[in-house]
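Undergrad: Sharing a structure with you now.
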Amino acid sequence: MTVIPPGSTIGIVGGGQLGRMLAMAAAQLGYKCHVFAPEEAPPAAEVSALFTRGDYADEAALRRFGGKVDVATFEFENIAAGPLAALTGQAPLYPPREALEIAQDRLSEKTFIQQQGGRPVAFADVDSEKALVAALAEIGTPAILKTRRFGYDGKGQVRIQSKAETGKAWKAVKGAPCVVEAMVDFDSEFSILLCRSSEGEVTIWDAPRNVHSRGILERSTVPADKALQPAIDKAEAIARRVAEALDYVGVLTLEFFAVGDEALFNEMAPRVHNSGHWTIEGAMTSQFENHIRAICGLPLGAVGLAAPRVEMRNLVGDEAEGWRDILADRTAHLHLYGKPEARPGRKMGHVTRLLGLRVG
Ligand code: AMP
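According to our numbering, the stretch in the sequence shown is residues 28 to 387, in order.
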């Protein structure tokens, strides 16, 4: 891959906080960013040199956008095949299109992970109420019905406590193709954050232990408890295989449930991830910086911990209004995404604390 030198323009498809933090890391390295997103004033555009407002389904707009950037990446995954092809016809796209296409569909993602030797949660694909009834007879309840596409932060998911709820659950997904999964009684959740360069160099950050609340990440802590290490080792091996198989370039995230020493695969994201926000202050190089380095063909930075312990907490909905109290703690690193409206369940910011250091 040819090196994209500092001074070049990086295209980012998607305008949320992930794009915002990518653009900030890119600026530090002397790049300009051009954001493509449908919103009027997305968080990423505020910190980028250029912004094109356009629909993710608008092939012509994505083709024009591709013509204006030296390399493109994405922070938003639900881009259809046609518009994606229009973009890749104009500019190199990293991570590779294939990774995005696999991760867009929960069924292809689980099948792919199985091919790489990973173990997804017990699941079945369902496209009718009858198929759901049959799958539940196999998997049992409680279970979770998830739409194959367009789900995130617990959206597109219905929990099924007992078989009596089958009809109601099927109605809730409005006939969308789904997978149904067994509800896992996990010990912990954790994620593997990996970055692979165009030269095939791989860095893996310390795996954070993640706690979710109502389907949304609440906090990530590193290092994870020692008891999780056997499961983390297995998960890391899978993540490496996935990255190799896809000839991956950039940050790749895989989420797992730890059950004893086993790592059950939950889902993957071919991008920087919320459970890696702690790396901005908590690691020698952040996920955002290494992603930019990777997609521009630069060598990767070291990823060791910058403190004995690091904790990241999301600020969801009106929690961000407590910014004064958060800043009263001199060790808190506050990040606010500049979103105008604090809707319930909306990620407004996050706060990271480095623990075990002399405060000074
Ligand atoms: P997802 O968007 O699929 O990652 O789901 C969001 C969160 O819901 C996960 O991080 C878990 O906390 C919970 N969850 C999802 N699927 C399952 C499952 N099969 N068993 C138990 N908890 C789950």
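From the three backbone atoms N, C-alpha and C, an ideal C-beta is built for every residue, glycine too.
Going by the C-beta, is N293 closer than 7 Å to any heavy atom of the ligand AMP?
TA: yes
Undergrad: Taking Cβ to Cβ, would you say A347 is nearer than 8 Å to E308?
TA: Result no, Cβ atoms of A347 and E308 do not sit closer than 8 Å.
Undergrad: Tell me where the alpha helix (DSSP H) around A50 begins and ends.
TA: That run of the alpha helix (DSSP H) goes 44 to 55.
Undergrad: Buried or exposed, going by whether 16 or more other CB atoms sit within 10 Å of the CB of L325?
TA: buried
Undergrad: Between which two residues does the beta strand (DSSP E) carrying E245 extend?
TA: 243 to 249
Undergrad: What are the complete beta strand (DSSP E) segments, minimum 3 residues, inside the region 72 to 148?
TA: Fully contained in the region 72 to 148 are the following beta strand (DSSP E) runs of length 3 or more, in chain order: 77 to 80, 98 to 101.
Undergrad: Based on the DSSP secondary-structure assignment, which residues constitute the bridge partners of I219?
TA: Per DSSP, L281.
Undergrad: If we count Cβ pairs, one from each stretch, closer than 8 Å, do we get three or more for the region 128 to 143 versus the region 295 to 313?
TA: yes
Undergrad: Would you mind giving the Cβ-Cβ distance between A272 and Q131, rounded to the nearest angstrom? I have them listed as a contact below 8 Å.
TA: Going by Cβ atoms, the distance from A272 to Q131 rounds to 17 Å, so no, they are not a contact pair.
Undergrad: What separation, rounded to the nearest whole angstrom, lies between the Cα atoms of T115 and K59?
TA: Going from the Cα of T115 to the Cα of K59 covers about 19 Å.
Undergrad: Take V148 as the anchor and find which of A191, D212, P110 has the nearest alpha-carbon.
TA: Closest option to V148, judged by alpha-carbon separation, among A191, D212, P110: D212.
Undergrad: I'd like the list of long-range same chain contacts for E316, defined as Cβ closer than 8 Å, with 5 residues on each side in sequence excluded.
TA: Excluding residues within five positions, the ones whose Cβ falls inside 8 Å are A52, Q55, L56, G328.
Undergrad: Rounding to the nearest angstrom, what Cα-Cα distance links W8 and L221 in this structure?
TA: In the structure as shown, the chain begins at 28 and stops at 387. Residue 8 is therefore absent and cannot be evaluated.
Undergrad: Figure out for me which residue from G242, I39, A196 has the closest Cα to the Cα of D154.
TA: A196
Undergrad: Could you tell me the boundaries of the alpha helix (DSSP H) in which Q184 lies?
TA: Going by DSSP, Q184 is part of no alpha helix (DSSP H) but of the beta strand (DSSP E) stretching over 184 to 187.
Undergrad: Should G242 be listed as close to the ligand AMP, given that the test is whether its C-beta is under 7 Å from any heavy atom?
TA: yes
Undergrad: Run through DSSP, which three-state label would L361 get?
TA: strand
Undergrad: For H304, I'd like the list of residues in its chain whose CB is within less than 6 Å of its CB, leaving aside the five on either flank, ordered along the chain.
TA: M339, H377
Undergrad: Whole angstroms is fine: what's the gap from R146's alpha carbon to I219's?
TA: Counting only the Cα atoms, I219 lies some 15 Å from R146.
Undergrad: Considering only the beta carbon of each residue, do I39 and V62 sit closer than 8 Å?
TA: In this structure, V62 lies closer than 8 Å to I39 by Cβ.
Undergrad: When you compare only the Cα positions, how much space is there between Y364 and H318?
TA: Near 19 Å, if we compare the C-alpha coordinates of H318 and Y364.
Undergrad: Please state the DSSP three-state secondary structure of V318.
TA: Strictly speaking, residue 318 in this sequence is His, with Val absent from that position. It is helical.
Undergrad: Considering only C-alpha positions, which residue in the set P367, L381, L384, R380 is nearest to E396?
TA: Residue 396 falls outside the range modelled here, since the chain spans only 28 to 387, and no answer is possible.
Undergrad: Going straight from the alpha carbon of G178 to that of G387, what length do you get?
TA: 44 Å
Undergrad: At 4 residues or longer, and completely inside the region 333 to 381: list those alpha helix (DSSP H) runs for me, N to C.
TA: 350 to 355
Undergrad: Taking 8 Å as the CB-CB limit, is D252 close to chain C?
TA: Included in the structure is just one protein chain, with no chain C present.
Undergrad: Can you look up S240 in the DSSP assignment and give me helix, strand or coil?
TA: strand
Undergrad: Who are the near neighbours of V278 in its chain, counting only those whose CB is closer than 6 Å to its CB and skipping five residues on each side?
TA: For V278, where only same-chain residues beyond five positions count, the Cβ hits under 6 Å are C222, V299, Q314, H318.
Undergrad: Name the residue from C205, E165, S224, P70 whose alpha carbon lies nearest to the alpha carbon of R267.
TA: S224
Undergrad: Relative to the alpha-carbon of A151, which residue among L111, A112, E208 has its alpha-carbon at the smallest distance?
TA: E208
Undergrad: Should G42 and A72 be called a contact, given that it needs their Cβ atoms to be closer than 8 Å?
TA: yes
Undergrad: Shorter than 7 Å, the distance from the beta carbon of G178 to the closest heavy atom of the ligand AMP, or not?
TA: yes
Undergrad: Should K173 be counted as a contact of the ligand AMP given a C-beta to heavy atom distance under 7 Å?
TA: yes
Undergrad: Can you tell me whether S135 is buried or exposed, with buried defined as 16 or more other CB within 10 angstroms of its CB?
TA: exposed
Undergrad: In angstroms, rounded to a whole number, what distance separates the CA positions of A250 and V330?
TA: The question names Ala, yet the displayed sequence has Pro at residue 250. Using only the alpha carbons, I get a separation of about 13 Å.
Undergrad: For I31, does the three-state DSSP call read helix, strand or coil?
TA: coil
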